[in-house]
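A short worksheet on the structure shown next.
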Amino acid sequence: MTDIVDKQTRSRMMAGIRGKDTKPELALRHALHARGFRYRLHSKGIPGRPDLVFPIFRAAVFVHGCFWHRHAGCRYTTTPATRPEFWQSKFEANVTRDGVVYAALLEAGWRVATVWECALRKPDQVAAAAELLVVWLHSGDALLEIGELDVPGSSR
Numbered sequence: 024m025t026d027i028v029d030k031q032t033r034s035r036m037m038a039g040i041r042g043k044d045t046k047p048e049l050a051l052r053h054a055l056h057a058r059g060f061r062y063r064l065h066s067k068g069i070p071g072r073p074d075l076v077f078p079i080f081r082a083a084v085f086v087h088g089c090f091w092h093r094h095a096g097c098r099y100t101t102t103p104a105t106r107p108e109f110w111q112s113k114f115e116a117n118v119t120r121d122g123v124v125y126a127a128l129l130e131a132g133w134r135v136a137t138v139w140e141c142a143l144r145k146p147d148q149v150a151a152a153a154e155l156l157v158v159w160l161h162s163g164d165a166l167l168e169i170g171e172l173d174v175p176g177s178s179r
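Here the numbering used here is used: the first residue of the sequence shown is 24, the next is one more, and so on.
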């Protein structure tokens with residue numbers, strides 16, 4: 024299947040996709056900051072450079088895009104019809120890297136949370152995800168995953 028836009032337009036579109044300071048990440052950061060939580064951003068000294076780092080809680084938080092990191096069972100986890108082999112290998116590499124990073128963080132004594140983009144689409148979902156994250160930070164649990172079905176207000 025051919026692309027519906029020319030090569031230059033597609034290149035410009037893909038270049039606009041950011042890896043940090045995304046809308047979902049900014050929304051979650053704002054909600055946590057409003058609740059009095061302070062954190063570090065994209066810390067270089069920590070495996071995987073998590074989006075948010077809470078040193079006091081020894082916790083790393085990743086805000087993952089469902090498309091790029093393959094959120095299992097999510098409606099936003101689609102594969103483009105153009106060059107599916109390329110996309111599949113790219114997605115597999117992302118998922119593999121995520122697993123390696125999580126293992127390294129856990130091995131180093133860090134706790135790891137993944138907040139999926141689908142859980143941060145509406146303001147009430149952002150607030151609910153922030154509350155779940157706050158409870159987790161105080162819990163001492165090693166892992167947390169927050170998806171669309173974990174927060175009220177999802178349209179599924």
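A virtual CB, placed ideally from N, CA and C, is assigned to each residue, including glycine.
These numbers were taken from a predicted model, which means no experiment stands behind them.
Buried or exposed: which applies to residue 68, given that a residue is buried once 16 or more other Cβ atoms fall within 10 Å of its Cβ? In the sequence shown, residue 68 corresponds to position 45, counting from 1. Flag for residue 68 reads exposed.
For a test of the three-state rule: what should DSSP assign to residue 185, helix, strand or coil? No information on residue 185 is available, as it lies outside the stretch 24 to 179 that the chain covers here.
Is it true that the CB of residue 131 sits closer than 8 angstroms to the CB of residue 54? Taking the sequence shown and counting its residues from 1, the one referred to as residue 54 is at position 31. Taking the sequence shown and counting its residues from 1, the one referred to as residue 131 is at position 108. No; because the gap between Cβ atoms is not below 8 angstroms, this pair is not in contact.
Please confirm whether residue 170 and residue 142 have their CB atoms less than 8 angstroms apart. The sequence position of residue 170 within the sequence shown is 147, counting from 1. The sequence position of residue 142 within the sequence shown is 119, counting from 1. Going by C-beta atoms, residue 170 is nearer than 8 angstroms to residue 142.
So, at 8 angstroms on beta carbons, what are the nonlocal neighbours of residue 101 in its own chain, with the 5 sequence-adjacent residues on each side left out? One-based indexing of the sequence shown puts residue 101 at position 78. Result list for residue 101: 90, in chain order.
With a threshold of 7 angstroms, establish whether the CB of residue 171 neighbours any heavy atom of the ligand MG. In terms of ligand content, the structure shown is empty, and the ligand MG therefore cannot be addressed.
Is it a yes or a no for the segment 158-170 touching the segment 103-113, going by three-plus beta-carbon pairs under 8 angstroms? no
Would DSSP call residue 60 helix, strand or coil? Translated into the one-based positions of the sequence shown, residue 60 becomes position 37. If DSSP states are grouped into helix, strand and coil, residue 60 belongs with coil.
Measuring alpha carbon to alpha carbon, tell me which residue in 30, 44, 126, 32 is nearest residue 75. Mapped onto the sequence shown, residue 75 falls at position 52. Residue 44 is the option with its Cα nearest to residue 75.
Under a Cβ-count criterion, where at least 16 other Cβ atoms within 10 Å of its own Cβ denotes burial, should residue 148 be classed as buried or exposed? By one-based count along the sequence shown, residue 148 stands at place 125. When all chains shown are included, residue 148 counts as buried.
Residue 169 (DSSP reduced to helix, strand or coil): As a first step, residue 169 must be located in the sequence shown, where it is residue number 146. Of the three classes helix, strand and coil, the one that applies to residue 169 here is strand, per DSSP.
Skipping 5 residues on each side, what residues in its chain have a beta carbon closer than 7 angstroms to that of residue 20? Only positions 24 to 179 of the chain appear in the structure, and residue 20 is not among them; the question remains open.
For residue 85, report the span of its beta strand (DSSP E) as first-last. Taking the sequence shown and counting its residues from 1, one reaches residue 85 at position 62. That run of the beta strand (DSSP E) goes 82-87.
For residue 73, count the other beta carbons within 10 Å of its own beta carbon; 16 or more makes it buried, fewer makes it exposed. Which is it? As a position in the sequence shown, residue 73 is number 50, starting the count at 1. With 16 or more Cβ atoms within 10 Å of its Cβ, residue 73 is classed as buried.
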